[in-house]
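Asker: Can you keep this structure in mind? I'll have questions shortly.
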Amino acid sequence: MRVSAIGVSPGLASGRAILLDRRETAVFRVPIPEGDLAIEIARLTEAREVARGQILALKDRVAAVVGETFAGVFGAHLLILDDPLLISGTEEIIRTERVNAEWALKLVAEKLLEAFQRIGDDYLRERGGDLEDVHNRLQGLLAGERHRHELSELTEDSVVVARSLSPSDAALLDHERVVAFCTDVGGRTSHIAILASALQIPAVVGTHDLSARVATGDLLLVDGNRGLVLVRPSETELASYRQACIEFAQHERELQEESNLPATTLDGQDVTLMANIEFPEELDVALRHGAKGIGLYRSEFLFLSRSPALPTEEDHYAVYTDLVRRVAPEETIIRTLDLGGDKYFHQVLARNESNPVMGLRAIRFCLRRPEIFRPQLRGLLRASAEGNLKIMFPLVSGVGELRQARQVLTECRLELEAEGHRVASDLKVGIMVEVPSAALTADHLAREADFFSIGTNDLLQYCLALDRGNESLAGLYQPFHPALLRLLDGVVRAARRAGIEVSLCGELGADPGALPVLLGLGLRRLSMAPASIPEIRSAVRHIEAARAERMVADLLEMATAEEIEARVRAEFPPPGASPRPYYPGLPEAIEAP
Amino acid sequence: MIVEEVRIANRLGLHARAASLLVHVASRFRSRVRIGNGSEEVDGKSIIGLLTLAAVCGAMLTLRCEGEDEREAATALREFIEARFGEAS
Numbered sequence: 160m161r162v163s164a165i166g167v168s169p170g171l172a173s174g175r176a177i178l179l180d181r182r183e184t185a186v187f188r189v190p191i192p193e194g195d196l197a198i199e200i201a202r203l204t205e206a207r208e209v210a211r212g213q214i215l216a217l218k219d220r221v222a223a224v225v226g227e228t229f230a231g232v233f234g235a236h237l238l239i240l241d242d243p244l245l246i247s248g249t250e251e252i253i254r255t256e257r258v259n260a261e262w263a264l265k266l267v268a269e270k271l272l273e274a275f276q277r278i279g280d281d282y283l284r285e286r287g288g289d290l291e292d293v294h295n296r297l298q299g300l301l302a303g304e305r306h307r308h309e310l311s312e313l314t315e316d317s318v319v320v321a322r323s324l325s326p327s328d329a330a331l332l333d334h335e336r337v338v339a340f341c342t343d344v345g346g347r348t349s350h351i352a353i354l355a356s357a358l359q360i361p362a363v364v365g366t367h368d369l370s371a372r373v374a375t376g377d378l379l380l381v382d383g384n385r386g387l388v389l390v391r392p393s394e395t396e397l398a399s400y401r402q403a404c405i406e407f408a409q410h411e412r413e414l415q416e417e418s419n420l421p422a423t424t425l426d427g428q429d430v431t432l433m434a435n436i437e438f439p440e441e442l443d444v445a446l447r448h449g450a451k452g453i454g455l456y457r458s459e460f461l462f463l464s465r466s467p468a469l470p471t472e473e474d475h476y477a478v479y480t481d482l483v484r485r486v487a488p489e490e491t492i493i494r495t496l497d498l499g500g501d502k503y504f505h506q507v508l509a510r511n512e513s514n515p516v517m518g519l520r521a522i523r524f525c526l527r528r529p530e531i532f533r534p535q536l537r538g539l540l541r542a543s544a545e546g547n548l549k550i551m552f553p554l555v556s557g558v559g560e561l562r563q564a565r566q567v568l569t570e571c572r573l574e575l576e577a578e579g580h581r582v583a584s585d586l587k588v589g590i591m592v593e594v595p596s597a598a599l600t601a602d603h604l605a606r607e608a609d610f611f612s613i614g615t616n617d618l619l620q621y622c623l624a625l626d627r628g629n630e631s632l633a634g635l636y637q638p639f640h641p642a643l644l645r646l647l648d649g650v651v652r653a654a655r656r657a658g659i660e661v662s663l664c665g666e667l668g669a670d671p672g673a674l675p676v677l678l679g680l681g682l683r684r685l686s687m688a689p690a691s692i693p694e695i696r697s698a699v700r701h702i703e704a705a706r707a708e709r710m711v712a713d714l715l716e717m718a719t720a721e722e723i724e725a726r727v728r729a730e731f732p733p734p735g736a737s738p739r740p741y742y743p744g745l746p747e748a749i750e751a752p
Numbered sequence: 009m010i011v012e013e014v015r016i017a018n019r020l021g022l023h024a025r026a027a028s029l030l031v032h033v034a035s036r037f038r039s040r041v042r043i044g045n046g047s048e049e050v051d052g053k054s055i056i057g058l059l060t061l062a063a064v065c066g067a068m069l070t071l072r073c074e075g076e077d078e079r080e081a082a083t084a085l086r087e088f089i090e091a092r093f094g095e096a097s
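If you want it as structure tokens, here you go:
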């Protein structure tokens, strides 16, 4: 069986499936003699003590991997463990009804969960999930499962398969025997996907009902490069997989050897490769892969990790200062809050927008909410004195919005200077070009922005009127569509004429197949996921930029994406055997039934 | 028993982090602490209770403290809620 889904963290792995079963432990009512009731209460106390140890350990491990703020949820779990409603309530039921601890706990937890279900506020209602998490943990411990979430007895390489993964599950991904994971739900920006990427474990999400179709112990092949999962593969498939692994390892070694070499084309054009990051913790990986600065720091995480409270000016200042100091002398481009759309949700966003992707999000939202926007701008301005920081506004649709945003920024700067704070005098302020209206008026915008960064994900989706999350449209999502090429060409030309920098930070920048087109358009600054940098560096070193430019002149005259793609493949065949992808995944052969 | 009334002033109301902090403050005292919102009343040392109270910004809470340190408890809790749970929002 072969399942095609979304690869969110690259690499190949094989292992035995470990099914993370979300079904509740079966709980039965057992009458307990009066004299043994104290034993039941002691069992509950003991389970709580073990749970406390597990939660504290989880908290530490999660904090070490993704930072303190992400680990905050476990503080609530610890309070629930000692909650009088839950614990005294359960002890009371044990005593009055003379039943086992499991049954009493279940009765009380279910009654409390009902109370959560009645809450009108979505955010508070969802906090019931924390109670459920703690309840499941305690039930597992009462049933004698000491290592439910520990997996410490794993002796062979394992692939974690789950419907979804909660923060409590996150730490198990940090186990040396866990070689990959697959979840039925989730997207490219789910926290678990980002975590897998930071840990460099192959991961595939959005596998629909995979968790219902595999059993613990089934052999799985996971291709995080192409988002493939093979269940119980045949001998032929296994042989192909082993070959692919050898090639992949070889490929990785070659990339590693090149990591100190400059990203320069065959004809001597230098290309600046930067990293897109979300957590400050990802910076080390980015620098190790040779990133020349941060081309996109997504500040949303700062908001989500403190949700529902909002980060203060000091929070912003502390995080950005730490970041720019570590990246200096290279630059750090920080994008202001891009909340909303299909990516991030937060308490402060309007609910029930009929079309959130085109709704009150990103810069539109920030301009309406100065109490959220200003502390971020003030934090950014103050941090600008500490390193090489640039500010970038997302989803700008035209000159008017840019002027408004700059106006707020200027006000904040004047306030800060009056208060005696230092602010960089030559602070650069740019925009994301990701709305077609911005791309089409790039000449006007280039006069008022200090730099452009092209966001191809949104630009493509708005330009082609395609929801990229919609599977039935997958075939229509064509990065080489003539319309996109024309937009990109216009933006790069406008930037050049105005003498401002232009970079690209969408997923397209991490695609070696698209690289000849991007270089041919004149782009020399690309920002991408840290893990993609070695591969793109290698690809850059095998391309002649002048030839790519001549090719793009022809591409701009072509009528269809298919023609364009065929020409690119013919002109710049991937190295090695022609039809093989640059980044070898499971070979094509095993895709045949 | 001391009874006090206090209005929730922070924008997000009694959310998870505020509720956690409130439990920590209430647990410092030996007195029994009950917190009411309209017809509902819960144990002030229970995170689950406080969350299910679903108290939003502007809600008037009733604090009832009973025990040896009831006066100190009531004052500390009222001041903490008035100070918006120590947050800027």
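These protein sequence lines are chains A and B, in that order. Under our numbering, think of the first position of the first sequence as 160, with each following residue one higher. Under our numbering, think of the first position of the second sequence as 9, with each following residue one higher. Glycine included, each C-beta is placed from N, C-alpha and C at the ideal position.
1) Cα separation between G668(A) and Y636(A)?
2) Taking only beta-carbon positions, decide if I659(A) is within less than 8 Å of chain B.
3) List the residues of chain B whose Cβ lies closer than 8 Å to the Cβ of L271(A), in chain order.
4) Secondary structure at N295(A), three-state DSSP: helix, strand or coil?
5) Counting only beta-carbon atoms, is D77(B) nearer than 8 Å to chain A?
6) Between which two residues does the beta strand (DSSP E) harbouring E74(B) extend?
7) Is there a C-beta anywhere in chain A that falls below 8 Å from the one on V31(B)?
8) Mind listing which residues of the region 234 to 245 of chain A have their C-beta closer than 7 Å to chain B's C-betas, in chain order?
9) For L432(A), write down the residues that DSSP places opposite it in a beta bridge.
10) Are L369(A) and C341(A) closer than 8 Å when you measure CB to CB?
11) At 9 Å on the CB atoms, spell out the chain A contacts of A67(B), in chain order.
12) Using Cβ-Cβ distances below 9 Å, what residues of the region 11 to 35 of chain B are close to chain A?
13) Could you check what DSSP says for A521(A) in three-state terms: helix, strand or coil?
14) Of the choices G546(A), I492(A), F532(A), T204(A), whose alpha-carbon is the least far from that of A583(A)?
15) Can you check which of these residues, A84(B), S54(B), N45(B), is closest to C100(B) by C-alpha distance?
16) Name, please, each residue of chain B whose Cβ falls closer than 7 Å to the Cβ of I278(A).
17) Thinking C-alpha only, which one of E724(A), L264(A), H367(A), L238(A) is nearest E250(A)?
18) Would the region 418 to 426 of chain A and the region 692 to 702 of chain A be scored as touching if the rule is three or more Cβ pairs under 8 Å?
19) State the Cα-Cα distance for the pair F289(A) and A720(A), rounded to the nearest angstrom.
20) Are the C-beta atoms of R656(A) and some chain C residue less than 8 Å apart?
21) If we count the other Cβ atoms within 10 Å of its Cβ and call it buried at 16 or more, is Q276(A) buried or exposed?
22) L286(A) touches chain B at which residues, Cβ-Cβ below 7 Å?
23) My understanding is that L178(A) touches A374(A), with C-beta atoms under 8 Å, so please give their C-beta distance in whole angstroms.
24) When burial is assigned at 16 or more other CB atoms within 10 Å of the CB, is F639(A) buried or exposed?
25) Whole angstroms is fine: what's the gap from R19(B)'s alpha carbon to V727(A)'s?
26) Taking contact to mean at least 3 C-beta pairs separated by less than 8 Å, is the region 683 to 693 of chain A in contact with the region 444 to 455 of chain A?
27) Can you give the Cα-Cα distance for A657(A) and G383(A), rounded to whole angstroms?
28) Answer yes or no: does any C-beta atom of chain B fall closer than 8 Å to that of A274(A)?
29) Mind listing the chain B neighbours of Y636(A)? Cutoff is C-beta to C-beta under 7 Å, in chain order.
30) Counting only beta-carbon atoms, is L290(A) nearer than 8 Å to chain B?
31) Could you check if H306(A) is buried or exposed, using at least 16 other CB atoms within 10 Å of its CB as the buried criterion?
32) Please confirm whether V555(A) and M591(A) have their CB atoms less than 8 Å apart.
33) If you measure beta-carbon to beta-carbon, which residues of the region 470 to 496 of chain A are closer than 7 Å to chain B?
34) State the DSSP-derived secondary structure class of H308(A), mapped to helix, strand or coil.
35) Quick check on the DSSP output: the alpha helix (DSSP H) that includes C571(A) runs from which residue to which?
36) Which residue wins for smallest C-alpha separation from S458(A), given the options C525(A), I613(A), L379(A)?
Answerer: In short, the structure shows the following:
1) For the purposes of this step, residue 668(A) is taken as residue 509 along the first sequence, with counting starting at 1. For the purposes of this step, residue 636(A) is taken as residue 477 along the first sequence, with counting starting at 1. Taking the straight line from one Cα to the other gives about 16 Å.
2) As a first step, residue 659(A) must be located in the first sequence, where it is residue number 500. No, I659(A) lies away from the interface with chain B (no Cβ there is under 8 Å from its Cβ).
3) The sequence position of residue 271(A) within the first sequence is 112, counting from 1. Using a Cβ-Cβ cut-off of 8 Å, L271(A) is close to I56, T60 of chain B, given in chain order.
4) Numbered from 1 along the first sequence, position 136 holds the residue referred to as residue 295(A). In the structure shown, N295(A) falls within a helical segment according to DSSP collapsed to helix, strand and coil.
5) One-based indexing of the second sequence puts residue 77(B) at position 69. No - not a single Cβ of chain A is within 8 Å of the one on D77(B).
6) Indexing the second sequence from 1 puts residue 74(B) at position 66. Residues 68 to 74.
7) The count along the second sequence starts at 1 and reaches residue 31(B) at position 23. By this cut-off, V31(B) is an interface position.
8) Close to chain B, meaning a Cβ-Cβ distance shorter than 7 Å, are the following residues of the region 234 to 245 of chain A: G234, A235, L238, I239, D242, P243, L244, L245.
9) Position 273 of the first sequence, counted from the start, is the residue given in the question as residue 432(A). DSSP, once it has assigned bridges, lists L685(A) as partnering L432(A).
10) Numbered from its first residue, the first sequence carries residue 369(A) at position 210. Numbered from its first residue, the first sequence carries residue 341(A) at position 182. L369(A) is a Cβ neighbour of C341(A), given a cutoff of 8 Å.
11) Taking the second sequence and counting its residues from 1, the one referred to as residue 67(B) is at position 59. Neighbours of A67(B) on chain A: none; closest Cβ ~12 Å, over 9 Å.
12) Among the residues of the region 11 to 35 of chain B, those with a Cβ less than 9 Å away from any Cβ of chain A are N18, R19, L20, G21, L22, H23, A24, R25, A26, A27, S28, V31, H32, S35, in the order of the chain.
13) Taking the first sequence and counting its residues from 1, the one referred to as residue 521(A) is at position 362. Assignment of A521(A) by DSSP, reduced to helix, strand and coil, places it in the helix class.
14) The residue labelled residue 583(A) in the question sits at position 424 within the first sequence. Ranking the options by Cα distance to A583(A), first place goes to G546(A).
15) Nothing can be reported for residue 100(B), as the shown portion of chain B is limited to 9 through 97.
16) The residue labelled residue 278(A) in the question sits at position 119 within the first sequence. Neighbours of I278(A) across chain B, judged by C-beta separation under 7 Å: T60, A62.
17) Position 91 of the first sequence, counting from 1, holds the residue named residue 250(A). Comparing C-alpha distances from E250(A) to each of E724(A), L264(A), H367(A), L238(A) shows the shortest one belongs to L264(A).
18) Inter-segment contact for the region 418 to 426 of chain A and the region 692 to 702 of chain A is present: three or more beta-carbon pairs are separated by less than 8 Å.
19) If you number the first sequence from 1, residue 289(A) lands on position 130. If you number the first sequence from 1, residue 720(A) lands on position 561. First, the residue type needs correcting, since residue 289(A) is Asp and not Phe in the sequence shown. Cα to Cα, D289(A) sits roughly 48 Å from A720(A).
20) Note that chain C does not occur in the displayed structure, where the protein chains are A and B.
21) Indexing the first sequence from 1 puts residue 276(A) at position 117. With fewer than 16 other Cβ atoms within 10 Å, it is exposed.
22) Against the first sequence, residue 286(A) aligns to sequence position 127. Note on identity: in this sequence residue 286(A) is Arg, with Leu being the wrong assignment. Within chain B, the residues near R286(A) are A24, L59.
23) To locate residue 178(A), count along the first sequence from 1; it is residue 19. To locate residue 374(A), count along the first sequence from 1; it is residue 215. Indeed, because the Cβ distance is near 7 Å, the residues count as touching under 8 Å.
24) Residue mapping note: residue 639(A) aligns to position 480 of the first sequence, counting from 1. Buried.
25) Counting from 1 along the second sequence, the entry for residue 19(B) is found at position 11. Counting from 1 along the first sequence, the entry for residue 727(A) is found at position 568. When rounded, the distance between both Cα atoms is 55 Å.
26) The region 683 to 693 of chain A is in contact with the region 444 to 455 of chain A.
27) The residue you call residue 657(A) lines up with position 498 of the first sequence. The residue you call residue 383(A) lines up with position 224 of the first sequence. For A657(A) and G383(A), the distance between alpha carbons rounds to 41 Å.
28) If you number the first sequence from 1, residue 274(A) lands on position 115. Closer than 8 Å: yes.
29) Here the question's residue 636(A) lines up with position 477 in the first sequence. Result: empty, since nearest Cβ-Cβ is about 38 Å, beyond 7 Å.
30) By 1-based counting over the first sequence, the position of residue 290(A) is 131. Residue-level contact by beta carbon holds for L290(A) and chain B, with a gap shorter than 8 Å.
31) To locate residue 306(A), count along the first sequence from 1; it is residue 147. Bear in mind that a pLDDT of 48 at H306(A), under 50, signals an unreliable position, so the number given afterwards is only what the model happens to contain. Exposed, since its Cβ has fewer than 16 Cβ neighbours within 10 Å.
32) Taking the first sequence and counting its residues from 1, the one referred to as residue 555(A) is at position 396. Taking the first sequence and counting its residues from 1, the one referred to as residue 591(A) is at position 432. M591(A) sits close to V555(A), with the two beta carbons spaced by under 8 Å.
33) Within the region 470 to 496 of chain A, T471 place their CB atoms closer than 7 Å to a CB of chain B, listed in sequence order.
34) Counting from 1 along the first sequence, the entry for residue 308(A) is found at position 149. Because H308(A) carries a pLDDT of 45, less than 50, the predicted location of this residue cannot be relied on, and the following value inherits that uncertainty. Reduced to three states, the DSSP call for H308(A) is coil.
35) Counting from 1 along the first sequence, the entry for residue 571(A) is found at position 412. C571(A): member of the alpha helix (DSSP H) spanning 558 to 577, first to last residue.
36) Translated into the one-based positions of the first sequence, residue 458(A) becomes position 299. When each option's Cα is compared against that of S458(A), the closest is C525(A).
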